[in-house]
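Novice:
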Amino acid sequence: MTFLKSRMPAPAQDALPAPDLRANGLKLAYDDRVVVEDLDLVVPSGQISVIIGANACGKSTLLRALARLLPPRSGAVHLDGRSIHSMPTRQVAQRLGILPQSPVAPEGLTVTDLVGQGRSPHQTWWRQWSSGDENAVTEALRATGMLEHADRPIDELSGGQRQRAWIAMAVAQGTPILLLDEPTTFLDLAHQIDVLDLVVDLNRHEGRTIVMVLHDLNQACRYADHIIVMKSGAIVTQGSPADVIDAELVEDVFGMRCQVTPDPVSGTPLVIPIGRHHR
Amino acid sequence: MTRDSTAPAPTARDVASPAAGTAPPPRPLRRPLLIAAAAVALVVLCLASLAIGSRSIPLDLVVRALFDPGHPGVDPETEAIVRSTRMFRTVVAVLAGTALGLAGAVMQGLTRNPLADPGLLGVTAGAAFGTVVAIGVFGITALMGSIWFAFGGTLVATVVVYLLGSRGRGGASPVKLALAGVAITYLLDSLTSGIALTDPEALDRYRYWSSGSLTGHDGGTLLRVAPFLAAGVLLALSIATALNSIALGDDVAVALGRRLGMVRLRAALAVTLLTGTITAVVGPIVFVGLVVPHVVRLITGPDHRWLLPGSMLVAPCLLLAADIIGRVVARPQEIDVSLVAAFLGAPFFIALVRRRRLAEL
Amino acid sequence: MLGIDAARRPGRATFRLTHPAVSGVVRPRLILVWLTLAAVAFGVFCTAIAFGSGDFPVALPDVVPALWGSGDPATLFAVRELRLPRAMVALLSGAAFGAAGAVFQTVTRNPLASPDMLGITQGAGAAVAAGVAFGIGGGLSSQTLGLVGALTAGVLIYLLAWNRGTTGYRIVLVGIGISWMCTSLTVYLVSRMELYQAQKILGWLVGSLNDRGWAEARPLAFALLLVLPILVLLTRLQRTLLLGDEVAAGLGTPVQRTRLALVLSASALAAFATAATGPVLFVALASPQIAQRLARTPAPPLTAAALTGAAIVLLSDLISQRLLSDMVIPVGVVTGVLGAPFLLWQLARANRAGSGG
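So the protein lines, in turn, are chains A, B and C.
At position 129 of the first sequence (counting the first as 1) the number is 129 in the working numbering, and the numbers step up by one without a gap.
Basically the working numbering = 1-based index in the second sequence + 279.
Basically the working numbering = 1-based index in the third sequence + 640.
Rendered as structure tokens:
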């Protein structure tokens, strides 16, 4: 449970210029089905941004487009001023990491081997395991509390451990921008908070820019510096959670009546849903 | 939480997000429409199969010969052709299609592998081996004699594959079953080739048997194999919902109350009964059992309650159509049905694979 | 300076040079498997030369010196002219089949995928059968025809599976289609042939090393020299593909280009090997699986699979030449009889060790 006790390593990316990730006039589609149309977004550098919205509103699609996994039909994503699809993909991978939803590892792959794959954008065929790789992997394992499971095969792990192993892989990639698609799925509440605290550490100590998709509105409000609210493929509003989240917005976006009060712990907005039986 | 699938890619991700390439959910009407269309096509193709051949018979005479035997308007020769030769050929094609389509769908569901065909558990190789042994070792050339050898071969092969594939922890997992089946298939095929290559007579007989033929069967043969087929069909249909659970992964299937060992055993038994019987009679008809379930899955989606009956109806259509084309294109010669099915079906199949978002297993 | 720390993780050691800055991960078990397989393959190779076709006896200890050119003229002739070429074809084709199978199984993430399940081998068969049946290219050997057929099938599979990118799954399905088209064409042609032609074709279709020599070994050796380094260089990227296309792309692997390079390289290997020996079935499918279980790696290991393939084909050819010499059993028949029980034994053993399928 307490896998985040250790201090994070000294920020390695400070020397690099702050990353700049933005989308202009994005149109995203799967075959004939347009999911996102004419979307503009500037990802705030050095902050934690959280994308929220109802199911199938295009959150994950947007995240995949930001990570150049989904080529836009029109418009473009720019990383450090260059169109992300015109950059060598390896160069992108050194600046931007993505953890997709529910990835699957082959049977028998150990945690170390998986996390080691995170170093692949920094490796060449003659330099496959530098001391930098070693340190990054060890640090990522320590930060996620997976050090003690380092030699176990992924398929023997519990769902929560497995998720942490994947996060460790993304952390080991050592990119100034990290995109996470629902990193807390499969985790119990304590581990959810652990992962989110880890994300904050990565942001505060290492200055990494984080964009993640979260389902839990209250966690989103607590951990986001910047919240992006989506509905039917468009950004409804964005800003700091306190400025953005109110009962009216939640009802509009999620179709759910609720009360919003300050979170007694963090002071951020706390969304309390009102079900059909409590009117 | 050991994932034990042969095709490890698609799981929850495909269900959860549209990103990973699942087929759009089938529209409610599509599945009944497919069944109805396939049933109509089957009837039409049956009539065509009775009418078309080295001697064409007008459709009204076919119908008359069928339902009104001894009608003065139909000469006895025509009636004989319709009611015996072509009738048996058509019935064999329908039975073979039904059995192979169903067996293929069950096999792919059982192993969760798109490369699985009805012969995967060593069934076809066992039948071939039995046939060659009957001819090459025992000198049996009569069809009915070698059928029982073929049937015996399938049974032995499947039992061996199942015992080997279900050894040890985890029982008969898809990967183990598939690999054991392939290994036994190659082993038997090698032995078959070995015998065939050293015995010219066996080779000659084997190469005709091995290209699959629907002709030369009579009511007696059909009656003898019918009980096996019927049992296989019933057994296969009875596990449709269980296969749906297995498609979600072994753990989910167990959680849903499925006894994996029993389901796999019943599936293997059903496939053996269906494929073994048909292979023993008509020889190895490849491709149909492999491809038809993929085609049907594109329309019905992965629900086995629709997939199994759909495959049962579409496969005989493909086989009949291939048989009819095979009779016509190279007159006066005929081209074997399984060759036509594969040669004409494959481009169609490739086009479907390219066009559609794939419903992965 | 060289640093190796084997103690840090079980089953995994790292080495690191500072000048030049070379580093990597070493798996002791994999290396042990390599050495063992190489030793086995070399042993069978020498045995095959000592006891190979023809009646001239060569003592086993004389084989290695003779390979290097020392020994009496008769021994030298028997070893270098008569038996070495055939043993080389066996060694090289086995290695090519094994490596091709390993790549296909990794790319498609499917243990049943191999060039002989996906239509490459069948393409060669159809081309050769068509050549015999229609007398196409009377000047072309079945080697050339087979090569053209297999390469065509490989390229066709990739092109037809391309629809804004390929997936392993679609390659498998298109491969099935191509495979059965070629098979049905071959069977049709064979069933229409004269019996003597059919027997000749069937002999080719199960794979044979009879009358194979330098003419077959040389192109195959060139192909391996060219393609194997490419595959070794691609291993790093191929490893990320095992995590799925999305993760691999996120890690900076050019997914489509890597897959194209892998599929074409493996097709070329399978094509050259098939051209040399005919479709020696099962080797490409079983070798990677056997190697994976020996080395206990998460995916079929390339080098170990190649070595396993070489050992299987060499041993099968030795058996078909010596033990069954009074019959006309070609090597392709023996590989099945030899490889299948071994794979089955491996399956049963892996079960007991508890490492799943």
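Every residue gets a Cβ at the ideal spot worked out from N, C-alpha and C, and that includes glycine.
Which value, in whole angstroms, describes the spacing of the CA atoms of C/LEU883 and A/THR61?
Specialist: Answer to the nearest angstrom: the Cα atoms are 20 Å apart.
Novice: Just checking, does the stretch 937-957 of chain C make contact with the stretch 830-846 of chain C on the three C-beta pairs under 8 Å criterion?
Specialist: The stretch 937-957 of chain C, when compared against the stretch 830-846 of chain C, does not touch it at the 8 Å Cβ threshold.
Novice: For C/LEU785 versus C/GLY771, is the C-beta spacing smaller than 7 Å?
Specialist: Yes, these two residues count as a Cβ contact at 7 Å.
Novice: State the beta-bridge partners of A/THR110 as determined by DSSP.
Specialist: For A/THR110, which the question treats as bridged, DSSP gives the partners A/PRO153.
Novice: Hey, which unbroken runs of the beta strand (DSSP E) at 3 residues or more fall wholly within the stretch 52-114 of chain A?
Specialist: With a minimum length of 3 residues, the continuous beta strand (DSSP E) runs that stay inside the stretch 52-114 of chain A are 74-79 and 96-99.
Novice: Determine which residues of the stretch 821-834 of chain C have a Cβ less than 8 Å from any Cβ of chain B, and write them out in chain order.
Specialist: Taking 8 Å as the Cβ-Cβ cut-off against chain B, the residues of the stretch 821-834 of chain C that qualify are MET821, THR823, SER824, LEU825, VAL827, TYR828, VAL830 and SER831.
Novice: Any Cβ of chain B within less than 7 Å of the Cβ of C/LEU866?
Specialist: Not an interface residue.
Novice: Would you list the residues sitting across from A/LYS231 in a DSSP beta bridge?
Specialist: Paired residues: A/ALA234.
Novice: For the putative contact between A/ILE245 and A/THR261, defined by C-beta atoms under 8 Å, what is the C-beta separation to the nearest angstrom?
Specialist: In fact, because the Cβ distance is near 11 Å, the residues do not count as touching under 8 Å.
Novice: Between B/GLU358 and B/GLY352, what straight-line distance do the alpha-carbon atoms span, to the nearest angstrom?
Specialist: If you take the alpha carbons of B/GLU358 and B/GLY352, they lie about 10 Å apart.
Novice: Between the alpha carbons of B/ILE426 and B/VAL593, how many angstroms are there, rounded?
Specialist: C-alpha separation (whole angstroms): 26 Å.
Novice: Which residues in chain C have a C-beta closer than 8 Å to the C-beta of B/ASP602? List them in chain order.
Specialist: Near B/ASP602 there are no residues of chain C at all, since even the closest Cβ is about 14 Å away, more than 8 Å.
Novice: Got a sec, what are the start and stop residues for the alpha helix (DSSP H) C/VAL830 sits in?
Specialist: Per DSSP, C/VAL830 belongs to the alpha helix (DSSP H) from 808-832.
Novice: Please state whether the Cβ-Cβ distance between C/GLY738 and C/ALA945 is less than 7 Å.
Specialist: Yes, they are a contact pair.
Novice: By DSSP's criteria, B/PHE627 is part of a beta bridge. Which residues make up the other side?
Specialist: Bridge partners of B/PHE627: none, in fact.
Novice: Any heavy atom of the ligand MG closer than 6 Å to the Cβ of A/THR110?
Specialist: The ligand MG is not part of the structure shown, which contains no ligands of any sort.
Novice: List, in order along the chain, the chain C residues whose C-beta lies closer than 7 Å to that of A/VAL171?
Specialist: Here the premise fails: no neighbours, minimum Cβ distance about 13 Å.
Novice: Taking Cβ positions only, does A/PRO44 come closer than 7 Å to chain C?
Specialist: It does not: the Cβ of A/PRO44 has no partner Cβ on chain C nearer than 7 Å.
Novice: Using a Cβ cut-off of 7 Å (strictly closer), state whether A/SER120 contacts chain C.
Specialist: A/SER120 counts as touching chain C.
Novice: Using 7 Å as the limit for Cβ to Cβ distance, is C/ILE816 near chain A?
Specialist: It does not: the Cβ of C/ILE816 has no partner Cβ on chain A nearer than 7 Å.
Novice: Let me check understanding here. Comparing Cα to Cα, which of B/VAL371, B/ALA404 and B/THR477 lies closest to B/LEU467?
Specialist: It is B/ALA404 whose Cα lies nearest to the Cα of B/LEU467.
Novice: Work out the CA separation of B/TYR485 and B/HIS583 for me, nearest whole Å.
Specialist: Near 36 Å, if we compare the C-alpha coordinates of B/TYR485 and B/HIS583.
Novice: Going by DSSP, name the residue or residues bridged to A/ASP181.
Specialist: Partner(s): A/VAL213.
Novice: Beta carbons nearer than 9 Å to chain C: which residues of the stretch 159-193 of chain A have them?
Specialist: Flagged, chain order: TRP166, MET169, ALA170, GLN173 and LEU179.
Novice: Mind pulling the chain C residues with CB within less than 8 Å of A/LEU109?
Specialist: Here the neighbours are LEU882 and PRO938.
Novice: Rounding to the nearest angstrom, what Cα-Cα distance links B/HIS350 and B/ALA601 in this structure?
Specialist: Approximately 31 Å, taken between the alpha carbons.
Novice: Please give me, in chain order, every unbroken run of the beta strand (DSSP E) with length at least 3 that falls completely inside the stretch 316-394 of chain B.
Specialist: Whole beta strand (DSSP E) segments, 3+ residues: zero.
Novice: Tell me the rounded alpha-carbon separation between A/THR185 and B/LEU456.
Specialist: Distance between the alpha carbons of A/THR185 and B/LEU456: 33 Å.
Novice: Buried or exposed: which applies to C/ARG656, given that a residue is buried once 16 or more other Cβ atoms fall within 10 Å of its Cβ?
Specialist: Flag for C/ARG656 reads buried.
Novice: Shorter than 7 Å from the beta carbon of C/THR721 to some beta carbon of chain A?
Specialist: It is Glu, not Thr, that sits at residue 721 of chain C in the sequence shown. Answer no: the Cβ-Cβ gap between C/GLU721 and chain A never drops below 7 Å.
Novice: Could you please tell me which residues of the stretch 777-805 of chain C, in chain order, have their CB closer than 7 Å to any CB of chain B?
Specialist: Hits within the stretch, in order: LEU800 and ASN803.
Novice: In whole angstroms, give me the CA-to-CA distance for B/LEU321 and B/VAL370.
Specialist: Approximately 11 Å between the Cα atoms of the pair.
Novice: Applying the criterion that 16 or more other CB atoms from any shown protein chain within 10 Å of the CB defines a buried residue, is C/GLY734 buried or exposed?
Specialist: Counting Cβ neighbours within 10 Å, C/GLY734 comes out buried, since at least 16 surround it.
Novice: With C-beta atoms as the reference, is C/ALA863 less than 7 Å away from C/THR826?
Specialist: No; because the gap between Cβ atoms is not below 7 Å, this pair is not in contact.
Novice: Scan the stretch 470-482 of chain B for residues whose Cβ lies nearer than 8 Å to a Cβ of chain C and list them as they occur along the chain.
Specialist: Taking 8 Å as the Cβ-Cβ cut-off against chain C, the residues of the stretch 470-482 of chain B that qualify are LEU470, SER472, GLY473, ALA475, LEU476, THR477, PRO479 and LEU482.
Novice: Give a yes or no on whether 7 Å exceeds the smallest Cβ distance from A/PRO100 to chain C.
Specialist: Yes, its Cβ sits closer than 7 Å to a Cβ of chain C.
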